[in-house]
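Numbering (my numbering), first residue to last: 5 to 124.
From the three backbone atoms N, C-alpha and C, an ideal C-beta is built for every residue, glycine too.
Just so it is clear, the structure is predicted and the values come from calculations on it, not from any experiment.
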């Protein structure tokens with residue numbers, strides 16, 4: 005199975021953050037996925053109205069939370085999105101947001117599969 009989640013970060017999350025508590029892990033994944041979906045919608049709306057400060061704020065939040073669950077590549081894309089928003093670079097924002105959306109789908113699917121395997 006090809007994984008989009010960084011295994012080392014994932015194992016660190018399981019052992020250090022959640023202490024191996026599968027119920028807690030499932031709950032944190034649920035919360036992260038809700039936050040991811042909501043924030044992606046906010047970013048999309050902010051890009052549409054060229055609200056660069058809002059894009060920056062939203063991207064900054066997910067830049068930090070995504071890697072903690074192993075979504076390192078997604079976190080890096082949010083960092084690029086944040087930088088483009090800081091420069092008010094609309095073409096770059098659109099380009100990075102497109103990549104973020106694709107990566108977010110992969111991260112979501114991977115985390116949901118891991119979540120499903122924990123509740124078996």
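inquiry  = Among 48, 72 and 73, whose alpha-carbon lies nearest the alpha-carbon of residue 61?
reply    = Here residue 61 is taken as the residue at index 57 of the chain shown, counted from 1. When only C-alpha atoms are compared, the closest one is 48.
Inter-residue Cα distance where the pair is residue 84 and residue 14 = The residue given as residue 84 occupies position 80 in the chain shown. The residue given as residue 14 occupies position 10 in the chain shown. Approximately 22 Å, taken between the alpha carbons.
message = Is the beta carbon of residue 97 closer than 8 Å to that of residue 89?
response = The count along the chain shown starts at 1 and reaches residue 89 at position 85. The count along the chain shown starts at 1 and reaches residue 97 at position 93. Closer than 8 Å, so yes.
request  = Kindly give me the distance between the Cβ atoms of residue 81 and residue 40, rounded to whole angstroms, as I take these residues to be in contact under 8 Å.
outcome  = Locating residue 81 in the chain shown gives position 77, counting from the first residue. Locating residue 40 in the chain shown gives position 36, counting from the first residue. Residue 81 to residue 40, Cβ: 12 Å. No contact.
query = Straight-line CA distance for residue 42 to residue 63?
reply = For the purposes of this step, residue 42 is taken as the residue at position 38 of the chain shown. For the purposes of this step, residue 63 is taken as the residue at position 59 of the chain shown. Roughly 12 Å between the two C-alpha positions.
task = Tell me whether the beta-carbon of residue 73 lies closer than 8 Å to the beta-carbon of residue 17.
result = Position 69 of the chain shown holds residue 73. Position 13 of the chain shown holds residue 17. Against a cut-off of 8 Å, the Cβ pair of residue 17 and residue 73 comes out as a contact.
task = Note down, one range per segment and in chain order, each alpha helix (DSSP H) of at least 4 residues found wholly within the region 26 to 101.
result = 26 to 52, 56 to 72 and 76 to 90
request  = Please report how far the alpha carbon of residue 115 lies from the alpha carbon of residue 91, in whole angstroms.
outcome  = The residue given as residue 115 occupies position 111 in the chain shown. The residue given as residue 91 occupies position 87 in the chain shown. The alpha-carbon atoms of residue 115 and residue 91 are separated by roughly 32 Å.
request  = Out of 77, 121, 123 and 118, point me to the one whose CA is closest to residue 104's CA.
outcome  = The sequence position of residue 104 within the chain shown is 100, counting from 1. For the residues 77, 121, 123 and 118, the minimum Cα distance to residue 104 belongs to 77.
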